[in-house]
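Enquirer:
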Amino acid sequence: MESDSRLLELNDRYGNLTYLDRLKMLFGEFEPEEILVTTSFGSTSIALIHMISKVAPRHPVHLINTGYLFKETIQYRDQLINEFDLNVVDVQPRERSHEFTSNHKVWEGNPDFCCFINKVEPLNALKKGKKVWVSGLLGFQNENRAGKRIFEESQGLLKFHPIIDMSQEDLNLYRTIYELPAHPLLYKGFGSIGCVQCTKKGVGRAGRWEGKEKTECGLHL
């Protein structure tokens, strides 16, 4: 577990760097095998994916494939693999546990449990032996994420958010400058894209878990 003084030092040292330089410094301070990178291949994922392809080409990029992702998300994953020569690792839940959520439509009555089985549990297995978990969270996405810093402690790991302070305007500019492909569902009114059953059209994350108090899948709480 990282001490408060260590976290303060890291946040101070990385705070004034560019997003790309933050990643360069991280990969200079830690061994590649100590660094876990995850992405959802969702509506805002392209910025971190593009930066990783520049800073650490072929570093494993893990996708938690719940078995309920939109076909467009899988197509987008494949498109980005080809375009940026990504080393994507699909991580899936345990087969019998996943079947349980499917057979009983667990997402309807207990979406937190469904997320735990299909997202949180597979991710926890990935964390073993790692020191740093790199995530593309953005502070503007919701209230929970707005309070996060570049580095946080998360269950014994350093949680690293290199683009947490990137604004929506900066994200749009980054996409434009580098002519990056967008998730196809963005053009159909989906501001945030997760599993088929729990994602509707909406601005930002308004379409996630519609009608429920839930705002996070559980990975980033």
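Residue numbers (the working numbering): 3 to 223.
C-beta: ideal position from N, C-alpha, C; glycine also.
#1: What residue range is occupied by the uninterrupted beta strand (DSSP E) comprising F153?
#2: Pull up the distance between the alpha-carbon of E97 and that of E11, whole angstroms please.
#3: Starting from V91, follow its DSSP beta bridges and name the residues at the other end.
#4: Assuming contact is defined by CB atoms lying nearer than 9 Å, are I76 and S42 in contact in what I supplied?
#5: Would you list, in sequence order, the uninterrupted beta strand (DSSP E) runs of no fewer than 3 residues that lie entirely inside the segment 145–218?
#6: Does the Cβ of N105 have 16 or more other Cβ atoms within 10 Å, making it buried, or fewer, making it exposed?
#7: Could you check what DSSP says for L71 in three-state terms: helix, strand or coil?
#8: In angstroms with no decimal places, state the Cα-to-Cα distance between F102 and V108.
#9: On the three-state DSSP scale, how would you describe L38?
#10: Does the pairing of the segment 21–29 with the segment 157–171 give three or more beta-carbon distances under 8 Å?
#11: Ordered along the chain, which non-local residues of its own chain (more than five positions away) have a Cβ less than 8 Å from that of Y180?
#12: Which residues in the same chain have their Cβ closer than 8 Å to the Cβ of G204, if we skip the five residues on either side of it in sequence?
#13: Of the residues N13, L28, T46 and L187, which one's Cα is nearest the Cα of D172?
#14: For K133, which option in H100, F29 and N18 has the closest C-alpha, if you only look at C-alpha atoms?
#15: Tell me which residues share the same chain as V90 and place their Cβ nearer than 7 Å to its Cβ, disregarding the 5 neighbours each side in the sequence.
#16: So V134 is in the beta strand (DSSP E); what residue range does that whole segment cover?
#17: Do the CB positions of L9 and R147 come within less than 9 Å of each other?
#18: What number of angstroms, rounded off, separates the C-alpha of K214 from the C-alpha of V136?
#19: Given a threshold of 16 other Cβ atoms within 10 Å of its Cβ, counted over all protein chains shown, does V44 qualify as buried or as exposed?
#20: Going by beta carbon distance, what residues of the same chain come within less than 6 Å of H48, once the five residues before and after it are set aside?
#21: Grab the span of the alpha helix (DSSP H) containing A49 for me, first residue to last.
#22: Assuming L71 contacts C200 under a Cβ cut-off of 8 Å, what Cβ separation, rounded to an integer in Å, is found between them?
#23: Are there 16 or more other CB atoms within 10 angstroms of the CB of T178, so buried, or fewer, so exposed?
#24: Please report how far the alpha carbon of L128 lies from the alpha carbon of F32, in whole angstroms.
Expert: Once the coordinates are examined:
#1: F153 to S156
#2: 42 Å
#3: H64
#4: no
#5: 153–156 and 159–162
#6: exposed
#7: strand
#8: 8 Å
#9: strand
#10: yes
#11: H52
#12: G191, F192, G193, S194, R210 and E212
#13: T46
#14: F29
#15: V63, L65, R79 and I83
#16: V134 to V136
#17: no
#18: 28 Å
#19: Reading off the sequence, residue 44 comes out as Gly, not Val. Under this definition G44 is a buried residue.
#20: Sequence inspection shows Ile at residue 48; the His mentioned does not correspond to that position. Only L182 meet the Cβ criterion.
#21: I48 to V57
#22: Their Cβ separation, rounded to whole angstroms, is 11 Å, which puts L71 and C200 out of contact at 8 Å.
#23: exposed
#24: 17 Å
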